[in-house]
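> Under the working numbering, read the sequence shown as residues 510 to 761, first letter to last.
Heads up, the beta-carbon is just placed ideally off N, CA and C, and yes, glycines get one too.
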Amino acid sequence: MRIHSLSRSAARRLRASSLLSLLLLLALCLSACSTSSAQTPGQTPSVPGSTGGKLTFPTTPPQLRAPDFGSPGQIAPTVKVLPSVAPTLILQFPLVPVSIKNTFPNASALVTVVQGNPDLSVFDTVIVDVQHMPPNIKFTIFFTEIATKPFGHAEYVGDLFTRGDGSGESIFHLITLVAFAADNRHPGTSNDQSGEASGTQLEHMGMWFDTIGAARQVLGDNTIPSTPFDGGHPPLHSGPQAMTDGQSLPVI
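Structure below.
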C-alpha cells in the first residue's frame, strides 16, 4: 500500500510538471507572435496587396474632363456637361414653370443626371431639386417624347413632395440617357445622341400636379381639366403640367 501511494503521488507530480512545461511553451509562442507582429513607432502597417507592403494614398486630385454629349444642333442649349472623373458623365438642365407661372413665377428646378460606368450598370442617377414651388404638394415626374403638349409617349419616373417653403428634392435610379418607348404594332427607330436607336426616344422631362384637386386649389380655377399623368384610380385624376424643360431639342 505504501509503494502504491508513492506511485500515485509521483504521477501527480509528473502531470503537474508536464502542464507547467506546456504553459511555458505556450507563453513562448505567444511572445514570439507578439514580437513579430508588433510595429515600431511611426512604421506603416503592412497591408497585403498594397504597394511595397505599405498603405498608399493619392497625393494629387483626380483628373477631370468634360466629355462630349451630342453636338450643337442635337442637344438643347440649356444642357450643361459638368467636369467629372472618367468614365462618369454628369449633365444638368433646368425646368421652368408652366401652369404655375402666374402664381409662382420664381419656381425653378435643377435636374442632374449622373451616368457612372456604363460597362458596369445600365442605371443612371437622376436628382430633381426644386425651389419656390407650391408648398406641401405632391408632383409626378415623367420622361416624355415632346416637352410640351401633346407630349407624345411618356414614362413615369417618380414622385416629388414639396416642403412648407416650396423646396423639395427626389433621387431616382433608372435608365435615363437611353430611355425609349416601343409599340410593336408600329415598330420603328429614332435618333438619340449616339445615332439611330430602337423605338421612340424619351428625351424630355416634365412635372405634373399629382391630383386635379390640388391643382385647382393652388391655381384657383375649378374648371381646369384633369390629365392622365399619374397612376391609380380614377385614371384621369392628375392635374396639369407644372414644370417643363421647354426645349425642342433633347435634354437627355
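1) Starting from Ile-655, trace the beta strand (DSSP E) in both directions and tell me its first and last residue.
2) State the Cα-Cα distance for the pair Gln-726 and Ile-636, rounded to the nearest angstrom.
3) Could you tell me whether the Cβ atoms of Gly-667 and Ile-650 are closer together than 8 angstroms?
4) Pull the bridge partners of Ser-676 from the DSSP assignment, please.
5) Which two residues bound the contiguous alpha helix (DSSP H) that contains Gly-722?
6) Starting from the Cα of Leu-573, find the closest Cα among His-713, Ile-733, Leu-598 and Ser-699 and give me that residue.
7) In angstroms, rounded to a whole number, what distance separates the CA positions of Leu-564 and Asp-628?
8) Would you please state the rounded distance, in angstroms, between the beta carbons of Phe-652 and Ala-663? I believe it to be under 8 angstroms.
9) Excluding the 5 residues flanking Glu-654 on each side, which residues of the same chain have their C-beta closer than 8 angstroms to its C-beta?
10) How is Ser-707 classed by DSSP in three states: helix, strand or coil?
11) Would you say Gly-748 and Thr-736 are within 8 angstroms of each other, going by their C-beta atoms?
12) Tell me the rounded alpha-carbon separation between Gly-582 and Val-687.
13) Could you tell me the distance, in whole angstroms, from the CA atom of Val-631 to the CA atom of Thr-732?
14) For the beta strand (DSSP E) that Phe-632 lies in, which residues bound it at each end?
15) Measuring CB to CB, does Met-752 end up less than 8 angstroms from Ala-616?
16) Let me confirm a value: Asp-719 is counted as buried when at least 16 other C-beta atoms fall within 10 Å, else exposed. Which label applies?
17) Rounded to whole angstroms, what's the CA-CA distance from Thr-568 to Met-642? Just pull it up for me.
18) Tell me whether Ile-680 is buried or exposed, calling it buried when 16 or more other Cβ atoms sit within 10 Å of its Cβ.
19) So, with DSSP's three-state summary, where would you put Met-642?
20) Helix, strand or coil for Thr-671, going by three-state DSSP, please let me know.
21) Which one or two residues does DSSP pair with His-682 in a beta bridge?
22) Could you tell me which residues DSSP pairs with Pro-581 in its beta bridges?
23) Under the three-state reduction of DSSP, which class applies to Lys-610: helix, strand or coil?
24) What is the rounded straight-line gap between the Cα of Asp-674 and the Cα of Asn-693?
25) Spatial neighbours of Val-605 within its chain, please: CB distance less than 7 angstroms, with the 5 preceding and 5 following residues excluded, ordered by chain position.
26) Please report the distance separating the alpha-carbon of Val-588 from that of Glu-705.
27) Which one of Pro-596, Phe-602 and Ser-707 has the shortest CA to CA distance from Ile-761?
On the basis of the data shown:
1) For Ile-655, there is no enclosing beta strand (DSSP E), as DSSP gives it neither H nor E.
2) Here the alpha carbons of Ile-636 and Gln-726 stand approximately 28 angstroms from one another.
3) Taking 8 angstroms as the cut-off, the beta carbon of Gly-667 is found closer than this to the beta carbon of Ile-650.
4) DSSP output for Ser-676 lists no bridge partner at all.
5) Boundaries of the alpha helix (DSSP H) around Gly-722: 721-728.
6) Ranking His-713, Ile-733, Leu-598 and Ser-699 by Cα distance to Leu-573 puts Leu-598 first.
7) The straight-line gap from Cα to Cα measures roughly 29 angstroms.
8) About 7 angstroms separates the CB atoms of Phe-652 and Ala-663; that is less than 8 angstroms, so the two are in contact.
9) The answer, listed in chain order, is Phe-660, Gly-661, His-662, Ala-663, Ala-690, Thr-709, Gln-710, Leu-711, Glu-712 and His-713.
10) Ser-707 falls in the strand class under three-state DSSP.
11) The beta carbons of Gly-748 and Thr-736 sit closer together than 8 angstroms.
12) Taking the straight line joining both Cα atoms gives about 19 angstroms.
13) Rounded to whole angstroms, Val-631 to Thr-732 spans 43 angstroms at the Cα level.
14) Segment: none, Phe-632 is in no beta strand (DSSP E) and carries neither H nor E.
15) Yes. Within cutoff.
16) Per the 10 Å Cβ criterion, buried.
17) Rounded to whole angstroms, Thr-568 and Met-642 show a C-alpha spacing of 44 angstroms.
18) Sixteen is the threshold: since fewer than 16 other Cβ atoms of the shown chains lie within 10 Å of the Cβ of Ile-680, the residue is exposed.
19) It is coil, neither helix nor strand.
20) For Thr-671, the three-state secondary structure derived from DSSP is coil.
21) Answer is Thr-634.
22) The bridge partners DSSP lists for Pro-581 are Ile-584.
23) In the structure shown, Lys-610 adopts coil according to DSSP, grouped into three states.
24) Computed Cα separation, rounded: 45 angstroms.
25) Excluding positions up to five away in sequence, the list reads Met-752, Thr-753 and Gly-755.
26) So the alpha carbons of these two residues sit roughly 21 angstroms apart.
27) Of the candidates Pro-596, Phe-602 and Ser-707, the residue whose Cα lies closest to the Cα of Ile-761 is Phe-602.
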